[in-house]
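Numbering (the UniProt record's numbering), first residue to last: 1 to 229.
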Amino acid sequence: MRLSDVIAKGKLSAYQRWEMTSFEENTPENKKPGTDKAVVQITESNQKELDDLKVSAQKEGFAKGFEEGHQVGLKTGQQEEQQELVAFKQISTQFNASLQQAEHLVAQEVLDLALDIAKAMLKNALTINPELIIPIIEQAIASLPSVQQPAQLFLNPKDAILVQAKIGAELSEAGWVIVPDAHLKIGDCRIETMKNQINASLSSRWQQIAEALGRENSWYVVDHTEHRR
1 MRLSDVIAKG
11 KLSAYQRWEM
21 TSFEENTPEN
31 KKPGTDKAVV
41 QITESNQKEL
51 DDLKVSAQKE
61 GFAKGFEEGH
71 QVGLKTGQQE
81 EQQELVAFKQ
91 ISTQFNASLQ
101 QAEHLVAQEV
111 LDLALDIAKA
121 MLKNALTINP
131 ELIIPIIEQA
141 IASLPSVQQP
151 AQLFLNPKDA
161 ILVQAKIGAE
171 LSEAGWVIVP
181 DAHLKIGDCR
191 IETMKNQINA
201 SLSSRWQQIA
211 EALGRENSWY
221 VVDHTEHRR
């Protein structure tokens with residue numbers, strides 16, 4: 001028996017019509033109203049989500065980049081600050097050393113100037129007041145442990161005349177002999193005994209003063225004040 005004999009003709013026609021109707025419903029002409037609008041809404045919603053994700057990612061990336069840049073900048077700034085601090089300390093140390101050196105040089109120059117002034121004043125004082133030789137002689141004699149004969153006092157001829165007139169008698173009674181010496185300058189004094197010899201010249205006494213002050217300042221060297229003129 002054939003299949004067409006089992007299925008009635010009327011039923012077969014009805015099935016074919018349903019089948020055609022089912023296919024026809026899927027055609028663009030038979031779509032339900034509003035379907036395209038729903039698809040557009042879904043597409044716009046997805047696009048908005050994508051845009052939001054993109055903006056969020058950009059913000060997150062910017063924040064991360066900003067933080068990393070901030071940390072790098074902070075570290076770089078700290079390193080530069082440390083380098084500047086080290087450089088400042090070096091400059092400060094060099095400045096203090098230079099300042100101390102300058103103060104030392106100024107102090108030494110002031111001392112040299114003071115010695116020059118004192119030397120000039122002493123020379124002028126001896127010229128103006130020759131009797132200043134008297135305390136010089138008395139100090140030289142007092143430095144001797146004892147007077148042993150013969151005891152000779154060597155002086156510049158001009159000073160010898162002055163000393164003879166002032167204290168010659170006293171020196172003679174103590175066993176001293178005044179001896180003029182043209183090689184000695186005014187204000188110089190030399191003492192000789194059998195066991196002692198004292199150079200009480202102005203130059204030697206001045207040298208002792210300068211050495212005590214830690215300076216080299218010869219009595220015969222031209223004054224620094226004259227060099228500066």
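All C-beta atoms, glycine included, are put in the ideal place defined by N, C-alpha and C.
Beta strand (DSSP E) containing residue i: first to last residue?
i	result
Leu184	Careful: Leu184 lies outside any beta strand (DSSP E) and carries neither H nor E.
Rounded to whole angstroms, what is the Cα-Cα separation between residue i and residue j?
i	j	result
Ala169	Trp176	9 Å
Arg205	Glu84	55 Å
Arg215	Ser201	19 Å
Leu213	Ile198	22 Å
Thr76	Glu67	14 Å
Thr127	Ile186	8 Å
Ala160	Ile209	25 Å
Leu184	Ile137	14 Å
Ile178	Gln207	25 Å
Ser172	Asn196	19 Å
Gln90	Gln82	12 Å
Leu162	Leu153	13 Å
Val72	Ala63	14 Å
Val86	Ser92	10 Å
Ala194	Pro150	The sequence given here has Met at residue 194, not Ala. Taking the straight line from one Cα to the other gives about 7 Å.
Gln139	Ile191	11 Å
Ser203	Ala165	25 Å
Ser56	Glu80	35 Å
Lys158	Pro145	28 Å
Leu53	Lys59	10 Å
Glu49	Gln78	43 Å
Glu211	Pro135	22 Å
Glu97	Pro180	The sequence given here places Ala at residue 97; Glu does not occur at that position. Spanning the two alpha carbons is a distance of roughly 55 Å.
Go to residue i, then tell me how far its alpha helix (DSSP H) extends in each direction, as first and last residue.
i	result
Leu155	Premise fails: Leu155 lies in the beta strand (DSSP E), 151-155, not in any alpha helix (DSSP H).
Ala142	133-142
Among all the DSSP beta bridges, which residues are the ones paired with residue i?
i	result
Gln197	Glu192
Trp206	Paired residues: none, contrary to the question.
Val177	Gln152
Going by C-alpha distance, which of the options is nearest residue i?
i	options	result
Asn156	Ile167, Ala182, Ala165	Ala182
Ile167	Arg190, Ile133, Gln94	Ile133
Ala142	Ala174, Leu53, Ile178, Gln164	Ala174
Pro130	Gly69, Leu53, Cys189, Pro145	Cys189
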